[in-house]
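Q:
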Amino acid sequence: MQKVYFDSAATTQLRPEVIDKMTLVLREDYGNPSSTHGFGRSAKNHIEQARKNIAKYLGVKASEIIFTSGGTEADNLAINSAVRDLGVKHIITSKIEHHAVLHTVQKIQSHTNISVSYVNINADGSIDYNHLKTLLASNSEKTLVSLMHVNNEIGTILDIDRVGELCKEHEALFHSDMVQSIGHLNVNLDELQVDFTAVSAHKFHGPKGVGFAYIRRNSGLKPLIYGGEQERGYRGGTEGVHNIAGMDEALRLAYKHMDDEKAYISNLKLYFVDQLKQHIEGVKFNANCCDPDQSTYTLINVCLPISQDKASILLFQLDIKGIACSKGSACQSGSNRGSHVLTEILSEEDMLKPSIRFSFSKYNTKEEVDYVVKVLKEFIEN
Numbered sequence: 052m053q054k055v056y057f058d059s060a061a062t063t064q065l066r067p068e069v070i071d072k073m074t075l076v077l078r079e080d081y082g083n084p085s086s087t088h089g090f091g092r093s094a095k096n097h098i099e100q101a102r103k104n105i106a107k108y109l110g111v112k113a114s115e116i117i118f119t120s121g122g123t124e125a126d127n128l129a130i131n132s133a134v135r136d137l138g139v140k141h142i143i144t145s146k147i148e149h150h151a152v153l154h155t156v157q158k159i160q161s162h163t164n165i166s167v168s169y170v171n172i173n174a175d176g177s178i179d180y181n182h183l184k185t186l187l188a189s190n191s192e193k194t195l196v197s198l199m200h201v202n203n204e205i206g207t208i209l210d211i212d213r214v215g216e217l218c219k220e221h222e223a224l225f226h227s228d229m230v231q232s233i234g235h236l237n238v239n240l241d242e243l244q245v246d247f248t249a250v251s252a253h254k255f256h257g258p259k260g261v262g263f264a265y266i267r268r269n270s271g272l273k274p275l276i277y278g279g280e281q282e283r284g285y286r287g288g289t290e291g292v293h294n295i296a297g298m299d300e301a302l303r304l305a306y307k308h309m310d311d312e313k314a315y316i317s318n319l320k321l322y323f324v325d326q327l328k329q330h331i332e333g334v335k336f337n338a339n340c341c342d343p344d345q346s347t348y349t350l351i352n353v354c355l356p357i358s359q360d361k362a363s364i365l366l367f368q369l370d371i372k373g374i375a376c377s378k379g380s381a382c383q384s385g386s387n388r389g390s391h392v393l394t395e396i397l398s399e400e401d402m403l404k405p406s407i408r409f410s411f412s413k414y415n416t417k418e419e420v421d422y423v424v425k426v427l428k429e430f431i432e433n
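Be aware that the sequence shown starts at 52, since it is given in our numbering, and climbs by one per residue.
(1) At 3 residues or longer, and completely inside the stretch 97-166: list those beta strand (DSSP E) runs for me, N to C.
(2) Can you tell me the Cα-Cα spacing of Ile431 and Leu65, whole angstroms?
(3) Taking the runs of the alpha helix (DSSP H) that are 4 residues or longer, which of them lie wholly in the stretch 277-327?
(4) So is Gln329 buried or exposed if we call it buried at 16+ other beta carbons inside 10 Å?
(5) Between the C-alpha atoms of Met448 and His200, what's the straight-line distance to the nearest angstrom?
(6) First and last residue of the beta strand (DSSP E) that includes Val353?
(7) With a threshold of 16 other CB atoms inside 10 Å of the CB of Ser189, please say whether the residue is buried or exposed.
(8) What are the complete beta strand (DSSP E) segments, minimum 3 residues, inside the stretch 182-252?
(9) On the DSSP letters alone, give me the boundaries of the alpha helix (DSSP H) that Ile407 sits inside.
(10) Helix, strand or coil, according to DSSP, for Lys335 in the structure here?
(11) Beta carbon of Glu300, beta carbon of Lys413: below 8 Å?
(12) Can you look up Ile357 in the DSSP assignment and give me helix, strand or coil?
(13) Please state if the CB of Asp80 and the CB of Val292 are separated by a distance shorter than 8 Å.
(14) Output needed for Cys354: all residues of its chain with C-beta closer than 8 Å, excluding positions within five of it in sequence on either side, in chain order.
(15) Tell me which same chain residues have a C-beta within less than 7 Å of the C-beta of His235, skipping the five on either side of it?
(16) Let me know if Thr207 comes out buried or exposed under the rule of 16 or more other beta-carbons within 10 Å of its beta-carbon.
(17) Report all residues from its chain with a CB closer than 6 Å to the CB of Leu393; omit the five preceding and five following residues, and keep chain order.
(18) Based on the DSSP secondary-structure assignment, which residues constitute the bridge partners of Asp33?
(19) Just checking my contact of Glu148 with Asp228 at CB under 8 Å: how many whole Å lie between their CB atoms?
(20) From Ile172 to His141, what does the alpha carbon distance come to, in whole angstroms?
(21) Going by the beta-carbon positions, is the gap between Val69 and Pro258 smaller than 8 Å?
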């Protein structure tokens with residue numbers, strides 16, 4: 052059976068070089084990085100070198116990079132600490148954010164007296180920037196804006212410069228989940244008006260269970276996890292040295308090959324879109340996922356002309372054929388509820404049809420696209 056992996060927005064395949072780097076560290080540099088002997092210093096060197104390298108890629112200070120278990124922890128650190136420690140009384144976000152943000156905000160709201168506003172979403176999945184400006188201008192309390200850079204389900208790209216300038220104009224803090232953009236887009240955080248970001252290594256061919264938070268210097272943010280003095284006191288606990296070294300290597304390679312890989316994957320996406328249009332009558336593309344200027348090159352979200360009866364077994368049938376993809380995001384795969392993102396932008400009629408996210412990497416081919424389109428066409432017509 053042919054196996055095709057079109058679910059890189061959920062997690063990516065490890066690069067061989069990353070595996071080699073992690074294996075080397077696991078085998079040779081196994082000391083506790085907090086120990087003062089040679090074994091510990093060797094392990095610590097991997098951590099601090101990774102911090103310097105990552106900071107250099109993103110144009111920031113090494114002291115502004117805090118290693119975490121991934122994007123969810125980084126989101127929680129920024130949002131919870133901003134409310135607890137920085138006097139935030141008002142949060143502006145959107146209803147199409149990742150649940151790491153939405154659920155955190157909802158939990159805070161249920162236990163505190165902060166107010167939460169949701170910026171309007173346009174039919175193409177973009178935010179209403181005029182509404183955001185109105186929300187910022189209409190509230191004099193200390194405000195945190197939390198809007199993701201690239202949406203993980205529909206691929207819509209936030210105009211992060213515009214949002215940052217609005218936040219600066221109204222003296223609001225700005226947090227952005229950048230899990231789907233770092234490693235895929237050339238981002239200089241120091242040039243953006245962003246105070247906090249969240250990043251996960253496994254989205255750019257690195258290991259799972261590691262990521263980092265960018266925390267702008269002198270922000271006043273305080274830790275959520277107490278223990279030792281690791282990560283400048285922001286996050287107690289012995290660091291996973293091999294994971295951090297693997298993330299460092301993955302991001303190095305992502306930046307080294309970014310232009311070539313972006314061109315290759317962009318062409319693959321366009322080919323996929325063209326083949327679907329040619330062979331699947333009635334196919335629709337959700338939000339603006341076909342617009343290269345408004346959407347990431349790494350995914351498409353497709354609404355298929357399939358009856359409800361057939362829709363219920365679509366993913367199962369694709370899996371039988373060896374095809375990996377997602378209905379909504381992988382974080383919702385165990386839920387019977389529809390996508391909260393698509394609910395905000397699709398008509399009731401289209402919500403009754405199955406929508407599938409196909410997401411790509413350098414390891415995918417046009418032959419795989421042809422196979423997927425063939426399987427979909429046969430399933431729909433039979």
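We put the CB at the ideal spot given by N, CA and C, even for glycine. As the structure is a prediction and not an experimental result, all values here were calculated from the model.
A: Let me lay it out:
(1) Listed in chain order, the complete beta strand (DSSP E) runs (minimum 3 residues) inside the stretch 97-166 are 116-119, 141-144.
(2) Within the sequence shown, numbered from 1, the residue matching residue 431 stands at position 380. Within the sequence shown, numbered from 1, the residue matching residue 65 stands at position 14. Computed Cα separation, rounded: 34 Å.
(3) Those alpha helix (DSSP H) runs which fall completely within the stretch 277-327 and span 4+ residues are 292-307.
(4) For the purposes of this step, residue 329 is taken as the residue at position 278 of the sequence shown. Exposed.
(5) The chain is shown from 52 up to 433; residue 448 falls before or after that span and cannot be answered.
(6) As a first step, residue 353 must be located in the sequence shown, where it is residue number 302. Unbroken beta strand (DSSP E) run through Val353: 350-354.
(7) In the sequence shown, counting from the first residue as 1, residue 189 sits at position 138. Ser189 counts as exposed, since fewer than 16 other C-beta atoms from the protein chains shown sit within 10 angstroms of its C-beta.
(8) Counting whole runs of 3 or more residues, the stretch 182-252 contains the beta strand (DSSP E) stretches 194-197, 224-228, 247-251.
(9) In the sequence shown, the residue the question calls residue 407 occupies position 356. Where Ile407 is concerned, there is no enclosing alpha helix (DSSP H), although the beta strand (DSSP E) it sits in stretches over 406-410.
(10) Your numbering for residue 335 matches position 284 in the sequence shown. Strand at Lys335.
(11) Here residue 300 refers to the residue found at position 249 when the sequence shown is read from its first residue. Here residue 413 refers to the residue found at position 362 when the sequence shown is read from its first residue. For Glu300 and Lys413, no; Cβs fall outside 8 Å.
(12) Start at 1 with the first residue of the sequence shown, and residue 357 comes out as number 306. The answer is coil: DSSP assigns Ile357 none of H, G, I, E or B.
(13) Locating residue 292 in the sequence shown gives position 241, counting from the first residue. Locating residue 80 in the sequence shown gives position 29, counting from the first residue. In this structure, Asp80 lies closer than 8 Å to Val292 by Cβ.
(14) Counted from its first residue, the sequence shown places residue 354 at position 303. Residues Val334, Lys335, Phe336, Asn337, Leu397, Asp401, Lys404, Pro405, Ser406 of the same chain have their beta carbon placed closer than 8 Å to that of Cys354, with the five preceding and five following residues left out of the count.
(15) For the purposes of this step, residue 235 is taken as residue 184 along the sequence shown, with counting starting at 1. Taken in chain order, the residues that qualify are Phe255, Thr347, Thr349.
(16) The residue given as residue 207 occupies position 156 in the sequence shown. Thr207 should be labelled buried.
(17) Here residue 393 corresponds to residue number 342 of the sequence shown, with the count starting at 1. Scanning its chain for C-beta atoms nearer than 6 Å, with the 5 sequence neighbours on each side dropped, one finds around Leu393 the residues Ser406, in chain order.
(18) Past the edges of the chain, shown from 52 to 433, lies residue 33, and the structure says nothing about it.
(19) Working through the sequence shown from its first residue, we reach residue 148 at position 97. Working through the sequence shown from its first residue, we reach residue 228 at position 177. Taking the Cβ atoms as the reference, Glu148 lies roughly 7 Å from Asp228, within the contact range of under 8 Å.
(20) Counting from one through the sequence shown, the residue named residue 172 turns up at place 121. Counting from one through the sequence shown, the residue named residue 141 turns up at place 90. Each residue's Cα considered, the two are about 19 Å apart.
(21) As a working mapping, residue 69 is identified with position 18 in the sequence shown. As a working mapping, residue 258 is identified with position 207 in the sequence shown. Between Val69 and Pro258, the CB-CB gap stays under 8 Å.
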